[in-house]
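Student: Pasting in a structure now, in structure tokens, and then I'll have a few things to ask.
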Amino acid sequence: MRRKIALIIIAFALILWSVLPLYYILIAAFMWETDVVSRPPQIFPTNPTFSNILRVLGFPAP
0 MRRKIALIII
10 AFALILWSVL
20 PLYYILIAAF
30 MWETDVVSRP
40 PQIFPTNPTF
50 SNILRVLGFP
60 AP
């Protein structure tokens with residue numbers, strides 16, 4: 000029983016370790032540049048923007 004609980008905790012920690020950077024990359028794509036480098040880092044964008052996405056796709060940013 001203890002081994003199963005330990006494996007679940009380790010699996011959960013590995014999933015968080017893998018998913019959190021991907022989440023931050025996705026959220027950073029919708030942030031202004033100043034929000035991305037601000038300290039402390041923001042978890043959610045305050046003023047989301049699509050200009051970064053448009054720039055990557057080759058459209059002129061508004």
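In numbering that gives the first Met the number 0, the protein residues as written are 0 to 61.
For every residue, glycine included, the Cβ atom is placed at its ideal position computed from N, Cα and C.
Just so you know, these numbers come straight off a predicted model, no measurement behind them.
Alpha carbon to alpha carbon, how far is G57 from N51? Give it in angstroms, no decimals.
Tutor: Counting from 1 along the sequence shown, the entry for residue 51 is found at position 52. Counting from 1 along the sequence shown, the entry for residue 57 is found at position 58. So the two alpha carbons sit approximately 10 Å from each other.
Student: Cβ atoms of P44 and I26: under 8 Å apart, would you say?
Tutor: Position 27 of the sequence shown, counted from the start, is the residue given in the question as residue 26. Position 45 of the sequence shown, counted from the start, is the residue given in the question as residue 44. Closer than 8 Å, so yes.
Student: Tell me which same chain residues have a C-beta within less than 8 Å of the C-beta of P59, skipping the five on either side of it?
Tutor: The residue you call residue 59 lines up with position 60 of the sequence shown. Contacts found: L53.
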